[in-house]
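Using our numbering, read the sequence shown as starting at -11 and increasing by one per residue. Cβ coordinates follow ideal geometry from the N, Cα and C atoms, glycine included. Here is the structure we will look at.
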Amino acid sequence: MEVRDLHAWPSGAEEAEAIQDRLRPMLELDVPGPARPRTVAGLDVSYAGDGGGTGTRLAAAVVVLDGTSLEVLEESVAVGTAAFPYVPGLFAFRELPTLVNALRELKTVPDLLVCDGFGVAHPRRFGLACHLGVLTGLPTIGVGKTAFVGAYEPPGRRRGDASPLTDGGEIVGRVLRTRDGVKPVFVSVGHRTDLDTACRNVLGLTPEYRLPETTRRADRLSRDALAR
């Protein structure tokens, strides 16, 4: 599949922030997203050791699922090294070069990308899901295990209960309960979808577990690649 080359990979934080600021106006937010995606791709990255510092070995995995049955249709994995230091808010630059390599090997063009991370729920409103959305042009959402920015009230305890995630008076995402009585996930829009549709898709991807099947299977694939 096609991934656009919109910038060189930065060497420092100031350059990386400038790239985020330059690409942010390209986002298409609050537009109707894919209500019934035929194919959904999950993306995840695993690190060797503690994952800190540059030069750390990593594996980026993309798993494409049937949007209805959640059966695996295609897998792609790339192994590389982290070429950017760990800086909060700039984590995407550690993972994107290898993720892009994995995406370019896909024969399928997914209807929706689901990232283990954040979209606009980010200090500069440009997290990994936003960046991937702009590079691929595809509808993209982020599903985080914890909140990166923002404040929220805990949602109800039943599956499907949700509460707004707000930052600076702006709704940047939604805290969504995917299993009764289990910790919620943090959903935010990346590109070319709206928050209501994003949450409906996340519920469709979590028939048994807290995390989407896209994330679970991409995580397993990336860990297996590192182990090999």
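Here DSSP, grouped into helix, strand and coil, assigns residue -5 to coil. Residue 132 has 174 as its beta-bridge partners, per DSSP.
In the three-state scheme derived from DSSP, where H, G and I count as helix and E and B as strand, residue 112 is classed as coil. Leaving aside the five residues that flank residue 124 on each side, the residues in its chain whose CB is nearer than 6 Å to its CB run, in chain order, -9.
When the Cα atoms are used, residue 154 and residue 98 turn out to be separated by approximately 29 Å.
Scanning its chain for C-beta atoms nearer than 6 Å, with the 5 sequence neighbours on each side dropped, one finds around residue 135 the residues 174, in chain order. As computed with DSSP, residue 123 is found in no beta bridge at all. In this structure, DSSP gives residue 68 an extended state, which the three-state scheme calls strand.
In terms of CA proximity to residue 169, 148 leads the group 185, 2, 128, 148. DSSP, read as helix, strand or coil, puts residue 137 in coil. Following the DSSP letters along the chain, one finds residue 155 inside the beta strand (DSSP E) bounded by residues 150 to 155. Going by DSSP, residue 0 is part of no alpha helix (DSSP H) at all; its letter is neither H nor E.
For the 7 Å CB-CB criterion, residue 60 and residue 202 do not form a contact.
Pairing residue 181 with residue 142 gives a Cβ-Cβ distance that is not under 7 Å. Residue 54 has its alpha-carbon roughly 23 Å from the corresponding atom of residue 133.
Residue environment: residue -6 is assigned as exposed (fewer than 16 neighbouring CB atoms within 10 Å of its CB, all protein chains considered). The residue among 167, 179, 45 with its C-alpha nearest the C-alpha of residue 200 is 167. In this structure, the CA atom of residue 192 is about 16 Å from the CA atom of residue 163. The Cβ atoms of residue 36 and residue 214 sit closer than 7 Å to each other. Between residue 80 and residue 119, the C-beta spacing is below 7 Å.
Around the C-beta of residue 64, 16 or more other C-beta atoms lie within 10 Å, and the residue is accordingly described as buried.
Here residue 27 really is in contact with residue 52; their C-beta atoms are around 6 Å apart, less than 8 Å.
Residue 206 sits in a helix when the DSSP states are folded into three classes.
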